[in-house]
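One structure below.
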Amino acid sequence: MIYRIYIFISLLIFSVNMAAKDLYHNEFMFEYADFQKDVQSHTVDINFFFNGIDTSLGHPAEAAFLNRSSSLNLSTNLYEDSNNKDESLAFELRTFTKRKDFFIDVHYDDMEFNGERSEYYALGFGKFMTETASIGFLGSKMKIGNDYELDRFIGNITLLSSSAFQYKLDFSLGLVNGTAPIVNASISDQEDVYDLFSEIEVSFYPSRSSSLKIGSSIYTRTLKSILVETGGDLEPTTDRDLLHYFMEYKFWNKNGSVGISYGEKKHDFFYDDFHYLSVSLSRYL
């Protein structure tokens, strides 16, 4: 029932006849994803930009990045399969200093994984090195039920081209430590053992009304940090990396966007391997 409400609200907002404008203060987004094995996901996002977003500064996809407006994001997600309905409620706050060169990030997510109550919280900071380049650092902890914890320490570099050929490079690299309910396995929880996390996203802008994003994230197994059978002997059972890749195409105008994406996850922390196809709608308010 809840996802029918999401769809209705999303379509209603997207169909409102609004005059195109260059300045907006809020954004509403709805995304529906269909996975293999009769799994579905529904996400609603609302962004509040305290200083407003001027879309005339560049491509609409990068308006928030270029404006450096302090913002608050509220989101809810429903992940539903034949056995469980996992729900989450999250917020993300980004606040800039008066000169808009430094920023601080605060994240919190109250969620479920396979029916297990879970929490995620993070604190980060960063700096704009130029008008179109930034660096950032984020430390986070995820608690899954009473038995699992994951700590992440991630650095990020974002670069938006200023040439005639427009593109954006978003690269993250960091360490992950802890235990997680990977299917039939868990990550080593030795205090001095870490996995290497890497993520790269490249966005291209063929025109002002379109964008293409390609991305991939990998948890690379180290020699010491190995997957072990839950309750079994402490010998390696697999050295496979945890992999996620996706491709997303969006159409833009001054009132919002429509997007479609395809992706795959292998050896995921919480669910079996799967492919997914999603559609998204966003509306500036």
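Letter 209 of the sequence shown, counting from 1, is numbered 487 in our numbering, and no numbers are missing. All residues carry an ideal CB built from backbone N, CA and C; glycine is no exception.
In the three-state scheme derived from DSSP, where H, G and I count as helix and E and B as strand, Asn345 is classed as helix. Within a 10 Å sphere around the beta-carbon of Ser349 sit 16 or more other beta-carbons, which makes this residue buried. Cβ neighbours of Leu352 within its own chain (closer than 7 Å, five residues either side excluded): Ile324, Phe369.
Check the Cα spacing between Leu428 and each of Ser418, Ile435, Asn434: the tightest is with Ser418. A straight-line Cα-Cα distance of about 7 Å links Leu563 and Phe306.
Straight through space, the alpha carbons of Tyr527 and Ser539 are spaced by roughly 6 Å. Met525 sits exposed, since fewer than 16 C-beta atoms from the chains shown fall within 10 Å of its C-beta.
Bridge pairing for Met420: Tyr398, Leu428 [DSSP]. Annotated as proximal: Asp473 and Val454, with beta-carbon spacing under 7 Å. Here Thr375 is exposed: its Cβ has fewer than 16 other Cβ atoms, across all protein chains shown, within 10 Å. Taking the Cβ atoms as the reference, Phe529 lies roughly 11 Å from Ser558, outside the contact range of under 8 Å. In the three-state reduction of the DSSP assignment, Leu335 falls in the helix class.
Here Thr333 has Asp300, Ala341, Lys532 as same chain residues with Cβ atoms under 7 Å from its own Cβ, once five neighbours each way along the sequence are excluded.
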